[in-house]
Amino acid sequence: MALTALIAGGAQAQEAPASIGPTVSAENATSGGDIIVTGTRIRRADLESNSPQTVVSSEEIRYQGALGVEQVLNRLPQFTADANENVSNGSDGTSRINLRNLGSNRVLTLVDGQRLMPTQAVNLNLIPSALVERVDVLTGGASAVYGSDALSGVVNFVLKKDLDGIRIDAQAGFAQHDNNNEAIRSIVRERGFELAPSTVDDGAKQDITIAAGKNFAGGRGNLTGYFGYRNIAPVRQSSRDVSACALQDQNNGTELFCGGSSNTPYGSFVPLSENSPLQGQTLVNNIDGSPTVVPYSNEYAYNYAPDVYFQRPGERIVAGGFGRFELTEAAELYGSFMYMNDQTFSQVAPSGIWLGTAFPISCNNPLANAAQLTAICGPDAGTNTTQDALVAYRTTVTPRRDNLRYNDYRYTAGVRGDLGSGFSYDVNYLYSLVKFKETYLNDVNQVRAGRALNVIDVNGTPTCRSVIDGSDPDCVPVNVWQPYGVTEEQTAYLFTDSNTASRNALEVFSGSLSGDLGELGVTSPFASTGVGIALGAERRRETLDFTADEVAQQNGTRPSDGVISVTEAFGEIEIPLIEDRPFFQSLSINGGLRYSAYDNEQGSTGFSSSYNVWTYKGELSWQLVSDLRLRASYNHAIRAPNVGELFAAQTVGNVAAQDPCSGSNPTASLEICQLTGVTAAQYGRIVECPADTCSALGGGNIALKPETADTYTAGFVLTPRALRGFSLSVDYYNIKVQDYIGTIAPSLSIGRCAATGDPFFCNLLSRDPRSGALFGQNAGFVRSTTLNTGYLKTSGIDIVADYGFDIGEAGSLAISLVGTYLIDQVAEPVPGVGSYDCKGLFGYTCGQPSPEWRHVARFSYTAPSETLVSVSWRHLGGTDLSSLTDNPLLNAPQTVVNSRIKDYNYIDLTLNQPFADNFVLRAGVNNVFDLDPPALAAGLLQTFGNGNTYPGVFDPLGRTVFFGFTANF
391 MALTALIAGG AQAQEAPASI GPTVSAENAT SGGDIIVTGT RIRRADLESN
441 SPQTVVSSEE IRYQGALGVE QVLNRLPQFT ADANENVSNG SDGTSRINLR
491 NLGSNRVLTL VDGQRLMPTQ AVNLNLIPSA LVERVDVLTG GASAVYGSDA
541 LSGVVNFVLK KDLDGIRIDA QAGFAQHDNN NEAIRSIVRE RGFELAPSTV
591 DDGAKQDITI AAGKNFAGGR GNLTGYFGYR NIAPVRQSSR DVSACALQDQ
641 NNGTELFCGG SSNTPYGSFV PLSENSPLQG QTLVNNIDGS PTVVPYSNEY
691 AYNYAPDVYF QRPGERIVAG GFGRFELTEA AELYGSFMYM NDQTFSQVAP
741 SGIWLGTAFP ISCNNPLANA AQLTAICGPD AGTNTTQDAL VAYRTTVTPR
791 RDNLRYNDYR YTAGVRGDLG SGFSYDVNYL YSLVKFKETY LNDVNQVRAG
841 RALNVIDVNG TPTCRSVIDG SDPDCVPVNV WQPYGVTEEQ TAYLFTDSNT
891 ASRNALEVFS GSLSGDLGEL GVTSPFASTG VGIALGAERR RETLDFTADE
941 VAQQNGTRPS DGVISVTEAF GEIEIPLIED RPFFQSLSIN GGLRYSAYDN
991 EQGSTGFSSS YNVWTYKGEL SWQLVSDLRL RASYNHAIRA PNVGELFAAQ
1041 TVGNVAAQDP CSGSNPTASL EICQLTGVTA AQYGRIVECP ADTCSALGGG
1091 NIALKPETAD TYTAGFVLTP RALRGFSLSV DYYNIKVQDY IGTIAPSLSI
1141 GRCAATGDPF FCNLLSRDPR SGALFGQNAG FVRSTTLNTG YLKTSGIDIV
1191 ADYGFDIGEA GSLAISLVGT YLIDQVAEPV PGVGSYDCKG LFGYTCGQPS
1241 PEWRHVARFS YTAPSETLVS VSWRHLGGTD LSSLTDNPLL NAPQTVVNSR
1291 IKDYNYIDLT LNQPFADNFV LRAGVNNVFD LDPPALAAGL LQTFGNGNTY
1341 PGVFDPLGRT VFFGFTANF
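To convert, note that position 152 of the sequence shown is 542 in the working numbering; the numbers rise steadily by one, no gaps.
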């Protein structure tokens, strides 16, 4: 059994002590006698990776008690959290990975060397973690080898496929947390909100995977099948101190308080009529129930946090199989099938009539009192006319729930074999289909809300005008004119479910030829190993078909479709130049070239486009002596826009931000605000974005072109014979993405417009012409659609160390460390306007923390009885709030209460006990000391934030405990 779980690629030239057993790496794994190295298509028994590569073993997955493979990778310093189970509002139900913090769309995800899914629909939930043999993480561009998307690198999941027997892997776990954060509890207590329980045991998870395989025909064939079931229980934000209320900052950003949303169950409105004496003011029905209205204040704010899920519930079934049969040495048939049925619910606060849509209000509405009608209609109060107003009312019947369902299929089939004379071939077919259905439940239909607000008296009965004119005979008037005035009957009329669905497909035909020309006499005069080559071609097709029902389209969602087809040819060569000379035990170079021809089309519009691109690479490996190897590489990679980036419909959604032109005392001047469309009459009367949440317009852009990346790496691998069992690799990486496909962060657009008045940024703000607001359903928003922007650049140093040794008859120790020092994390959002560096920063434009130093270290002791005790130390360096730097591109609302996130050090403990040769029992505790995640103002959480923190970066639920076993029969 391998004890060292995190292994540096290229650091295995020397075996560990025999008592520990040889470590397993990508460079020692065989398949049919050939070596499969992630990052090259050349197959040869002596190849080693020329690019920085980290290998995560199956043991590491078990040591962490992880049910999802993304959880394991997110702990590595090379990764930044992406979509995960701890994000609820806005979640699409997937799990993804983000390598080098360059975005999940810039890392290519493979299974056994082939693409996992369509690039726009990658979901790691399809991968059964119990069947992962290892995960190869390759840094840097690899488009010359694998095609588009491999800008930040490649993550290749190698699965167990050749079982001969039955394997059962089962695990259960839960979270245990003590809520003793008195600083936060005092804030919650001061607002009169309910405190989180003092102690909680929740978040139960269960997972079981059963696999069975059989060799036949004397080992020439194998069939392996598997079935897995996973269940995750929900955790609400009300169960943790850090998330029990919606945190905001006050007193010039010097302290936190429990804020919330101005969409409340008291009922509030903003008159828009020029006739109103209170035009532009946010008014709320008096909390004491009297027939008066008062200016809105934070006293009325609705605490939307408790109902939101801090861990989404989910139920997943996976099944599949692998098969191979060797007809002859020249022809082995192989194939695989993977299936997933996954359902998860995201949950957020109850729905409502949202502040942001201008509704016509009857000036003689019989449900409203005189003060309310006068505030909205002015002198027209009591007349049979209407005046527009923004109206907000939060229902309290039931939370909104988003039912997210996936049915995913992945098929592969191929034939491969040895052609003799050092040549082998592989011809294969891949088809992957992602079928997604979404049903949004318990949501107020804003169209119906408008009808239910336009009410008059008919013979003493409040009646919707739509009933009178016959446009909606079922309309039920809603009473938003008194606190908690909307009844269940009225809510039942307002609620309508919306449905969307998508079908994403990937089809790949691929063929490659790999050869060792040494058997044909093609070698360097200074080497004995021959030249290796690989040639091939590929045809790839990705499709998108997205549909939305009438209700979803009323809410701004639009159908979309698109097709991307690419035809490619590639070649790669490995040339050993010098071997077995002083200081040149081996010196080799590697080169690769790929040509790609793209055709894009959209059937619904008749649009089409095409372009051609070249990608290439060069690599060097120099083994000076057996103890030391130097390596370096250069890759020129591309990423073509995927179907979603090109063709996704443009829709308005929520984004964490605040409008500097809003409120009675705007922070931006009238002159600046006028550049964004604010009129003099609106200035000082514009409604603030509720709960620091404005609106942004996102979606596709058919004018997109491919982005390009240049990656440089250089490093060394040290395996000293004098220190048997020790290996060290140190690698420098530098990745720059030009013309990157992305969006301009709304907070950046707002901040730069307010600070400079630059027309480019100010023109991105589209205001509601009636209210001037930057939020609302299809009203005001910040434009943030995809486009080819400036550049992204990151560089750093990876350090991977591994040491295993005996301690006499007392057993053995194994120590490993994977660490990354971040040199820079730079972005130029718009060419020519400057750049900013997010190294050591978080929040607003920078998003999730980017520490200068992160590491994961593991210390494992194995007793003579084979009992293993392993301790992991996860370290995340401290980060500062980006808006407090002197870079003008990072300007944002000033706050100092969250000026820094301190260093975080997590300790995890695992116990592993084998019984006989076929049963292993394991148990563990992650976050042993039950550390709270940092409590941050909600407005800082630009990307993948939830519960006032970054739940993918920090442990959101506190201490977690797990138990499991693996049995082989």
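Every residue gets a Cβ at the ideal spot worked out from N, C-alpha and C, and that includes glycine. In this text, all values refer to a predicted model and were calculated from it rather than measured experimentally.
Assignment of G908 by DSSP, reduced to helix, strand and coil, places it in the helix class. When rounded, the separation of the alpha-carbon atoms in G1335 and G1209 is 25 Å. Between R841 and D862, the C-beta spacing is below 8 Å. Rounded to the nearest whole angstrom, the CA to CA distance from P587 to R630 is 8 Å. Along the region 729 to 804, the alpha helix (DSSP H) occurs as fully enclosed runs of 4 or more residues at 760 to 767, listed in sequence order. DSSP, reduced to helix, strand and coil, places D631 within a helical segment of the structure shown.
For L745, the closest C-alpha among the options P1080, G725, S1054 is that of P1080.
The beta carbons of T1257 and P442 sit no closer together than 8 Å. Scanning its chain for C-beta atoms nearer than 6 Å, with the 5 sequence neighbours on each side dropped, one finds around S1139 the residues F1151, L1154, V1172, in chain order. Rounded to whole angstroms, the gap between the alpha carbons of D1214 and K1292 is 20 Å.
The criterion of a C-beta distance shorter than 8 Å is not satisfied by L1279 and Y1234. Taking each of A765, E878, S658 in turn and checking the Cα distance to V870, the smallest one comes out for S658. Secondary structure at P1278: helix, using DSSP grouped into helix, strand and coil. In the structure shown, N1032 falls within a coil segment according to DSSP collapsed to helix, strand and coil. With contacts defined by Cβ atoms closer than 8 Å, A782 and S652 form a contacting pair. In the structure shown, the three-state DSSP call for G657 is coil. Taken in chain order, no unbroken stretch of alpha helix (DSSP H) lies wholly in the region 957 to 1023 with a span of 4 residues or more.
With a contact defined as Cβ atoms closer than 8 Å, T1275 and L1331 miss out at about 19 Å.
Scanning its chain for C-beta atoms nearer than 6 Å, with the 5 sequence neighbours on each side dropped, one finds around L1177 the residues N1091, in chain order.
Nearest to T470 by C-alpha distance, out of E1242, D1307, F1352, is E1242.
Ranking N793, A1327, N464 by CA distance to the CA of F1344 puts N464 first.
Between P1136 and the set R1021, F960, G1329, the nearest pair of CA atoms involves G1329. DSSP places N464 inside the alpha helix (DSSP H), whose first and last residues are 459 to 464. Considered as a whole, the region 1119 to 1196 harbours 1136 to 1146, 1149 to 1152 as its complete alpha helix (DSSP H) runs of no fewer than 4 residues, in chain order.
Note: S1240 is not bridge-paired with any residue in the DSSP secondary-structure output. Using a Cβ distance threshold of 8 Å, E572 and L514 do not count as a contacting pair. As the crow flies, the alpha-carbon of P685 is around 12 Å from that of R1075. Minimum Cα-Cα distance from G961 among the listed residues T718, L723, R984 corresponds to R984.
Of all alpha-carbon atoms in S666, N1002, A1253, A938, the one lying nearest the alpha-carbon of E958 is that of N1002. Under a 10 Å Cβ-count criterion, A1086 is classified as buried, with 16 or more other Cβ atoms of the shown protein chains found around its own Cβ.
Pairing M507 with V824 gives a Cβ-Cβ distance under 8 Å. Contact between V527 and Q468 is confirmed by a C-beta separation of about 6 Å, below the 8 Å threshold. Within the same chain, Cβ atoms closer than 6 Å to the Cβ of D1100 are found at H1026, K1126, the five residues on either side in sequence being excluded. Put simply, of P696, A765, T788 the residue whose alpha carbon is nearest the alpha carbon of D778 is A765.
In the DSSP annotation of this structure, the continuous segment of the alpha helix (DSSP H) that includes T881 starts and ends at 878 to 884. Per the coordinates, the alpha-carbon of N612 lies some 27 Å from the alpha-carbon of N797.
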